[in-house]
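Taking my numbering, the leading residue of the first sequence gets 202, the next gets one more, and so forth.
Here a beta-carbon is modelled for each residue, glycine too, at the ideal position from N, C-alpha and C.
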Amino acid sequence: MIRSRLKNLLDQCFQQGVEQGLWSAAAANLYNLESPRHDGQGDFATNFAMLVAGKERRKPREVAEQLAELLRRDTTLLDKVEIAGPGFVNLFLKPTVWSSVLAPIAEQQERFGLCDLGKGMKVMVEFVSANPTGPLTVGHGRNAVLGDAVARLLTAVGYDVTREYYFNDAGRQMRVLAASLKARYLEKLGLPNEFPEDGYQGGYMYDIAQSMIDEAGDGFKDADANVFRKRAQEAIFADIDTTLKRIGIIFDSYYNEHDLYEKGLIEDVVAELRGKGLVYEQDDATWFKTTEFGQPQDRVIIKNTGEPTYRLPDIAYHREKFRRGFERMVNVFGADHIATVPDVLAGIEALGYDKSKVQVLMYQFVTLLRGGKQVKMSTRKASYITVDELVDEVGIDAFRFFFLLRKSDSQLEFDLELAKSQSQENPVYYVQYAHARLCSIERLAEERGIALPEPASTDLSHLQEAEEYQLLKTLAAYPGLVADAAETLAPHRLIFFLMELAGQFHSFYNKHKVMTEEAQLTAARLCLCQGIKTALANGLALVGVSAPERM
RNA sequence: GCGCCAAUAGCUCAGCUGGAUAGAGCAACGGCCUUCUAAGCCGUAGGCCGCAGGUUCGAAUCCUGCUUGGCGCACCA
202 MIRSRLKNLL DQCFQQGVEQ GLWSAAAANL YNLESPRHDG QGDFATNFAM
252 LVAGKERRKP REVAEQLAEL LRRDTTLLDK VEIAGPGFVN LFLKPTVWSS
302 VLAPIAEQQE RFGLCDLGKG MKVMVEFVSA NPTGPLTVGH GRNAVLGDAV
352 ARLLTAVGYD VTREYYFNDA GRQMRVLAAS LKARYLEKLG LPNEFPEDGY
402 QGGYMYDIAQ SMIDEAGDGF KDADANVFRK RAQEAIFADI DTTLKRIGII
452 FDSYYNEHDL YEKGLIEDVV AELRGKGLVY EQDDATWFKT TEFGQPQDRV
502 IIKNTGEPTY RLPDIAYHRE KFRRGFERMV NVFGADHIAT VPDVLAGIEA
552 LGYDKSKVQV LMYQFVTLLR GGKQVKMSTR KASYITVDEL VDEVGIDAFR
602 FFFLLRKSDS QLEFDLELAK SQSQENPVYY VQYAHARLCS IERLAEERGI
652 ALPEPASTDL SHLQEAEEYQ LLKTLAAYPG LVADAAETLA PHRLIFFLME
702 LAGQFHSFYN KHKVMTEEAQ LTAARLCLCQ GIKTALANGL ALVGVSAPER
752 M
């Protein structure tokens, strides 16, 4: 808001300079307006002069002086304009400008920070998408939290977001699952059984077997593999769903790979690719000419058994996303899954769709430490930590916050002992505590019979302390930060912002009293506090973390 | 061998489209509760931003090469 007003002013001055022949239009849209890191460098600074000087082989300070001259004519925003360093033009705002952020916050409340950047565009966020072979584990947890936060952010900036879960309940994996369940079932009945070599060893298989025994005794002992597959799938999927709901993640739709087969969409894709001459037969298999799309080698899409590889349904699925009208698609994938992406992109490109509309948000692995040692995880071997176990230990808020604390393409180290022992000093509490403190101040005001003031009708010029000034600046940056975090699919940026805002508030709180003897100062500070509280609450909501009123 | 990701303080990590003296949190050390919640605050100490070149007025940030670590490289998903 304030920043964009200033940017407009800068653009105007640039134009005026062009008209007056001070400089050419060569640097249009190249210069930027940034926030200097150090004190004494103004509220904003621009590298304008250095860029213009670079283009025109002039002295930066000379250009800076000309720009400063134009800027100084403004009387609404600027207090003073200085030239510093190699040619920065530092802009100092009038003291009252910053406090003008509070009125809009009070007015917008929970809408503060939202915008319409997405213009209602339909976007799909596909995430989790775990096949129903076992409980969600730590890696899925990162996927789930990341995908959900991205979905919330995109919604906040005006996209029409659909959260979708894509799964497959057929194929080899599920056959092994069925065989594993059957073996456990027979084992429990004391009957001879053959547990598959690469079977799923998790204890949950025994639970499902027991439920079958409870229901029908040994009535399933001669049942078809399909029966076991269905039982296993349904039970496991129900658990996954429960886990997701528990951490506050609700999907708008589930897409079963099976549908693609039923609707004949798989054959359609093959026929269409064949029509374009991009498919050929070799060694009894069907190949897709991915080399035509810059891949190092062609890939099999139908095996010699007649069964498609994962690529084919994936391509068909993505085509369905386009057909369903999504204009932007975000897929959240773990690093191990990433190799499949180029093939799918090649497929949709081959089918005539714009692959740049598909965006992959890749996250690196979660390294799990127990007692300082790395735990190797495998769903089959049942050596894993589940999302539920993790949530039991650290709580939902810490669980979500922790997974968003690092950018997605960094590996994340999750030390179980540390997570447990830190549960009292986890960064999430730092932010939540700031919110609780703010609520506490409001309660006190109420007790003392002080009505919460409206910023629009309060004299905010009393906010003159450095800490107050800093807080106002940070609040003003919030909407832009949300937009940035959404566009770059980077929820961790929001997390860091919240920690910074909370930190600034804690400092302020320790140094200055809100409830003072002076009614006007108190009123102004209460306005500031309400603004901070709103920003914290809104930011926490955007990452799915609660904002407690008491702690 | 090829591809993707990473490399910043003792540890775990930020650093937005390149900008002016490098930032947190833990851990270490020293302070602050008769005053709005000490799950807090203040201070000290700690860094050839993996290495070497290049582009630029200016590089942790961009480019190239190299080193180290992770993940992939199926007619598994």
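Out of the options, which one is the CA nearest neighbour of residue i?
i	options	result
residue 734	518, 711, 707	707
residue 659	304, 284, 288	304
residue 173	597, 232, 224	Because the chain is modelled from 202 through 752, residue 173 falls outside the range shown and cannot be assessed.
residue 459	249, 421, 450, 513	513
residue 537	736, 557, 561	561
residue 413	389, 402, 403, 396	389
residue 192	349, 270, 332, 357	The requested residue 192 is not part of the displayed model; the chain covers only 202 to 752.
residue 324	348, 284, 235, 631	348
residue 298	203, 696, 322	203
residue 517	553, 587, 497	553
residue 405	585, 718, 695	585
residue 595	320, 617, 610	617
residue 288	260, 498, 626	260
residue 645	421, 730, 507	730
residue 315	281, 416, 355, 226	355
residue 407	397, 540, 214, 385	385
residue 620	633, 286, 236, 600	600
residue 545	490, 691, 593	490
residue 676	301, 634, 235, 431	301
Could you tell me if residue i is buried or exposed, where buried requires 16 or more neighbouring beta carbons within 10 angstroms of its beta carbon?
i	result
residue 251	buried
residue 336	buried
residue 367	buried
residue 446	exposed
residue 383	buried
residue 375	buried
residue 233	exposed
residue 689	exposed
residue 526	exposed
residue 243	buried
residue 476	exposed
residue 714	exposed
Assuming residue i is part of the alpha helix (DSSP H), what are its boundary residues?
i	result
residue 446	426 to 447
residue 322	First-last for residue 322: undefined, no H or E at that position.
residue 602	597 to 604
residue 586	No alpha helix (DSSP H) holds residue 586; DSSP gives it neither H nor E.
residue 215	203 to 220
residue 185	Nothing in the structure corresponds to residue 185, since the chain is present only between 202 and 752.
residue 550	542 to 551
According to the Cβ coordinates, are residue i and residue j closer than 8 angstroms?
i	j	result
residue 502	residue 492	no
residue 663	residue 705	no
residue 741	residue 699	yes
residue 604	residue 346	yes
residue 441	residue 597	no
residue 528	residue 454	no
residue 602	residue 547	no
residue 739	residue 308	no
residue 278	residue 246	no
residue 558	residue 550	no
residue 588	residue 341	yes
residue 609	residue 564	yes
residue 753	residue 752	One cannot answer for residue 753 here, as it falls past the ends of the chain, which runs 202 to 752.
residue 228	residue 208	no
residue 351	residue 329	no
residue 683	residue 357	yes
residue 743	residue 353	yes
residue 533	residue 344	yes
residue 748	residue 737	yes
residue 487	residue 470	no
Start and end of the beta strand (DSSP E) containing residue i?
i	result
residue 483	480 to 483
residue 457	454 to 457
residue 353	Here residue 353 belongs to no beta strand (DSSP E); instead the alpha helix (DSSP H) covers 339 to 357.
residue 365	361 to 368
residue 560	559 to 564
residue 567	567 to 571
residue 245	245 to 247
residue 486	486 to 489
residue 378	First-last for residue 378: 373 to 389, but that is the alpha helix (DSSP H), not the beta strand (DSSP E).
* Asked: Which whole runs of the beta strand (DSSP E) in the region 632 to 719 are 3 residues long or more, in chain order?
  -> none
* Asked: At what residue ranges does the region 265 to 324 contain a whole run of the alpha helix (DSSP H), taking only runs of 4 or more?
  -> 296 to 300, 303 to 309
* Starting from the N-terminal side, write out each stretch of the beta strand (DSSP E) that is 3 residues or longer and does not extend beyond the region 491 to 529. => 500 to 503
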